[in-house]
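Numbering (this note's numbering), first residue to last: 9 to 136.
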């Protein structure tokens, strides 16, 4: 059995860019119309311009850090943002040049950048 959701069910768009699921089972969906939180029942979209959207625009990529549960987001401008509870940290797109972020393994994210590959644990480090 498969479930299928569309704009008729609350998605802002039918075209989705990425998906990550946190340790609570909440799905985080990257779209060009913002970041979507889906708890299995209801969709909530954080749209550009909304105060709670953290200024992000046209979300391309989203990942959940496996060790601390923080949400990592890349938008169309190459802005990399880490959200953890009420905390928000924006990493300099000129320094990082992020392309994609992936949760791999039990304790790290991997960030594909213009300048190589970065593994993100507690403190980012360039790997190659």
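We put the beta carbon where it would ideally sit given N, CA and C, even for glycine.
Opposite residue i in the DSSP bridges: which residues?
i           : result
residue 52  : 45
residue 33  : Residue 33 pairs with nothing; no bridge assigned.
residue 118 : 110, 127
residue 96  : 91
residue 26  : 38
Would you mind working out which of the options sits nearest residue i, comparing C-alpha positions?
i           : options            : result
residue 94  : 106, 78, 88        : 78
residue 86  : 76, 75, 67, 42     : 67
residue 23  : 37, 11, 30         : 37
residue 43  : 127, 121, 89, 11   : 89
residue 17  : 9, 51, 109, 45     : 51
residue 91  : 26, 72, 53, 118    : 72
residue 115 : 39, 32, 75         : 75
residue 111 : 120, 97, 103, 104  : 120
residue 27  : 11, 80, 55         : 80
residue 65  : 45, 46, 39, 47     : 39
residue 32  : 45, 9, 113         : 45
residue 56  : 113, 84, 124       : 84
residue 104 : 29, 113, 123, 97   : 123
residue 47  : 10, 70, 30         : 30
residue 113 : 100, 102, 106, 127 : 127
residue 15  : 53, 9, 35, 69      : 53
Assuming residue i and residue j make a contact with CB atoms under 8 Å, what is their CB distance in whole Å?
i           : j          : result
residue 13  : residue 19 : 6 Å
residue 109 : residue 82 : 6 Å
Item to check | Sequence ranges, beta strand (DSSP E) only - wholly within the segment 60-91, length at least 3 | outcome: 67-72, 79-83
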